[in-house]
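Undergrad: My questions all concern the structure below.
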Amino acid sequence: MARALGDPHADVRKAAVLALLPLAEQEPAAREALASVRSDPDADVRAYAAKATT
């Protein structure tokens with residue numbers, strides 16, 4: 874799933890972020906993956922990821 878965060882299509886990256894959000898509280902790997910997209914070119918991807926990393 875984290876590999877999808879690097880997909881060229883923003884909708885795929887958004888879906889990956891949304892799938893990882895429930896795991897972020899308990900899984901360090903999910904938090905790290907979400908933190909890696911904080912500088913994503915798509916504003917929605919950044920916003921969704923910020924929910925887990927703030």
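Each residue of the sequence shown is one higher than the one before, counting from 874 in this note's numbering.
All residues carry an ideal CB built from backbone N, CA and C; glycine is no exception.
1) Alpha carbon to alpha carbon, how far is residue 916 from residue 866? Give it in angstroms, no decimals.
2) How many whole angstroms separate the CB atoms of residue 886 and residue 897, which I take to be in contact at a CB cut-off of 8 Å?
3) On the premise that residue 883 lies in contact with residue 910, defined as a C-beta separation below 8 Å, what is that separation, rounded to the nearest angstrom?
4) In three-state terms, what does DSSP make of residue 911?
TA: Based on what the coordinates show:
1) Any question about residue 866 goes unanswered here, given that the chain covers just 874 to 927.
2) In this structure residue 886 does not touch residue 897 by the C-beta definition: roughly 15 Å separates them, more than the 8 Å allowed.
3) The pair is not a contact, with the Cβ atoms about 11 Å apart (cut-off 8 Å).
4) Coil, per DSSP.
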